[in-house]
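Right, one structure below, let's go through it.
In the working numbering, the protein residues as written are 972 to 1336.
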């Protein structure tokens, strides 16, 4: 069985004003059902990991909400970060805690804000990745590209490992230009980096020690105190000193260069729900291409559309949202803020959040 680790951090600034620091996107039901993104992520691990083998790493502000949403999970499996230190520290903490319980464990790390259409195919890919992890490889889940996407990282693939679907990863290529991305897709040698990983905890922690000795030493100190009376004190002392760096830069790029990374190509309807335009593409639309984000009829009844096309409407204030004679817009209505922007500029919503920070309007963030 797998140990599943779900990273529930970040504020989802490109989904502002729905996603806020106090109630980020992974706590919202953006799946087309009543389930939040976090609940859907944990649910898809059902066939791979029992509830006591699923851990969530989250911040102090969200720990209570995470526990409420995941009532079947043991409370001690919610690992609370005192402050954000990026993905490497979060993943390393989970790996070290799991290693104390089971040194032979294979863990999978998953983002809490991805949508996956075909859960069965996803599970099959994870099982294939576990086979590579047993051989000591740090495994990634690579997504077969469908278009030249400049917002994703790419995995440059080498030869096959054994007779199965496993491929060696030769290099990580971060967010290329459009022309370069087009070349990657045409070559057939590149996969999107989905930010999902599978490995033996001891393999990952050894690679962390090789490349990031300061971070590894700090995590080791925290792990030794875990579950003791000194846990909070050690965590408070050590955590702020850990380097703030993503696992891709900290470990995976160097591990790939050393021939220690593999991947399994996946085609299971993956989407990272990065912005409102993307959300509009994955949720069910009406005949005119309009998407109303809401999981119950009460929310849908607060939207009135006439002669509109390709709108993404998010009604979350209880007020009526009406639109007429417009197309290709995002309209988000919350109790204290309204957003209207073209769908093609949905990626830029983060800039509004940055501007609010500059203006000192932190109440809206």
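Built from N, CA and C at the ideal position, the CB exists for glycine as well.
Three-state class that DSSP yields for residue i in the structure shown
i: residue 1193; result: helix
i: residue 1203; result: helix
i: residue 1029; result: strand
i: residue 1139; result: strand
i: residue 1126; result: strand
i: residue 1160; result: coil
i: residue 1239; result: coil
i: residue 1131; result: strand
i: residue 1215; result: coil
i: residue 1336; result: coil
i: residue 1043; result: coil
i: residue 1228; result: helix
i: residue 1052; result: strand
i: residue 1009; result: helix
i: residue 1256; result: coil
i: residue 1187; result: helix
i: residue 1165; result: strand
i: residue 1073; result: coil
Residues that DSSP places opposite residue i in a beta bridge
i: residue 1149; result: DSSP output for residue 1149 lists no bridge partner at all.
i: residue 1170; result: 1078
i: residue 1220; result: In the DSSP output, where bridge partners are listed per residue, residue 1220 has none listed.
i: residue 1234; result: 1111 and 1138
i: residue 979; result: 1029
i: residue 973; result: Bridge partners of residue 973: none, in fact.
i: residue 1087; result: 1241
i: residue 1144; result: 1125
Beta-carbon proximity check, residue i vs residue j, cutoff 8 Å
i: residue 1237; j: residue 1314; result: no
i: residue 1223; j: residue 1235; result: no
i: residue 1293; j: residue 1247; result: no
i: residue 1132; j: residue 1126; result: no
i: residue 1310; j: residue 1320; result: yes
i: residue 1304; j: residue 1287; result: yes
i: residue 1011; j: residue 1002; result: yes
i: residue 1176; j: residue 1067; result: yes
i: residue 1104; j: residue 1171; result: yes
i: residue 984; j: residue 1324; result: yes
i: residue 1069; j: residue 1155; result: no
i: residue 1152; j: residue 1119; result: yes
i: residue 997; j: residue 1008; result: yes
Problem - Three or more C-beta pairs below 8 Å linking the segment 1212-1225 and the segment 1056-1063 - result: At 8 Å Cβ cutoff, the stretches touch.
Exercise for the section: Count the C-beta pairs between the segment 1166-1183 and the segment 1096-1103 that are closer than 8 Å, then say yes if the count reaches three, no if not. Expected result: Yes: at least three Cβ pairs fall under 8 Å.
Handout entry: the segment 1188-1201 touching the segment 1145-1153, judged by at least three CB pairs closer than 8 Å
Key = Using a Cβ-Cβ distance cut-off of 8 Å, the segment 1188-1201 and the segment 1145-1153 are not in contact, since fewer than three pairs of beta carbons, one from each stretch, lie closer than that value.
Practice task
Write down every uninterrupted run of the beta strand (DSSP E) in the segment 1260-1316 whose length is 3 residues or greater and which is fully enclosed by it, in chain order.
Solution key: Segments of the beta strand (DSSP E) lying fully in the segment 1260-1316: 1274-1277, 1283-1286, 1292-1295, 1300-1304 and 1309-1313.
Problem - Meets three-Cβ-pair contact criterion under 8 Å: the segment 1173-1188 and the segment 1023-1042 - result: Result no; under three Cβ-Cβ pairs closer than 8 Å.
Practice task
Count the C-beta pairs between the segment 1078-1091 and the segment 1001-1020 that are closer than 8 Å, then say yes if the count reaches three, no if not.
Solution key: Output reads yes: the segment 1001-1020 touches the segment 1078-1091.
Practice task
Tell me, please, whether the segment 1199-1210 touches the segment 1031-1046 by the rule of three or more beta-carbon pairs shorter than 8 Å.
Solution key: As far as the Cβ criterion goes, the segment 1199-1210 does not touch the segment 1031-1046, which means the pair count is below three.
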